[in-house]
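K.L.:
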Amino acid sequence: MRKLVILACTTIGLGIGYALFGKVAGHYVSPASLFQFGGNALQSAWHSVSGLEAMRNKILLCGVAGMVVGVLWAARRGK
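Be aware that the sequence shown starts at -13, since it is given in our numbering, and climbs by one per residue.
Rendered as structure tokens:
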């Protein structure tokens, strides 16, 4: 049950992060391009210049925040 609570909070955090930070010029970036890691030097340079790198970091930080909330909530419910 704890893992389910943590997973749900992490997913909600990622969703909120995507809703807040996933727009570029009024349109949402596709999740596939947002969570695509690696690639060649040209793709890495494009992600840095276009702001996808910073956007990805903000969304992942929201997911981590959701995970922390889930861990705290699951620990509190377990007592």
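For glycine and all other residues, C-beta sits at the position ideal for the given N, C-alpha and C.
#1: Are the Cβ atoms of Thr(-4) and Gly37 separated by less than 7 Å?
#2: Which of helix, strand or coil does DSSP assign to Val15?
#3: Given a threshold of 16 other Cβ atoms within 10 Å of its Cβ, counted over all protein chains shown, does Val15 qualify as buried or as exposed?
#4: Can you tell which of His13, Gly12, Asn43 and Cys48 has the C-alpha that lies nearest to the C-alpha of Phe21?
#5: Answer yes or no: do Ile2 and Cys48 have a C-beta to C-beta separation smaller than 7 Å?
P.N.:
Here's the rundown:
#1: For the purposes of this step, residue -4 is identified with residue 10 of the sequence shown, where counting begins at 1. For the purposes of this step, residue 37 is identified with residue 51 of the sequence shown, where counting begins at 1. Gly37 sits away from Thr(-4), with the two beta carbons spaced by 7 Å or more.
#2: Within the sequence shown, residue 15 is the residue found at index 29, counting from 1. It is coil, neither helix nor strand.
#3: Working through the sequence shown from its first residue, we reach residue 15 at position 29. When all chains shown are included, Val15 counts as buried.
#4: Position 35 of the sequence shown, counted from the start, is the residue given in the question as residue 21. Of His13, Gly12, Asn43 and Cys48, the residue nearest in Cα terms is Asn43.
#5: The residue given as residue 2 occupies position 16 in the sequence shown. The residue given as residue 48 occupies position 62 in the sequence shown. Against a cut-off of 7 Å, the Cβ pair of Cys48 and Ile2 comes out as a contact.
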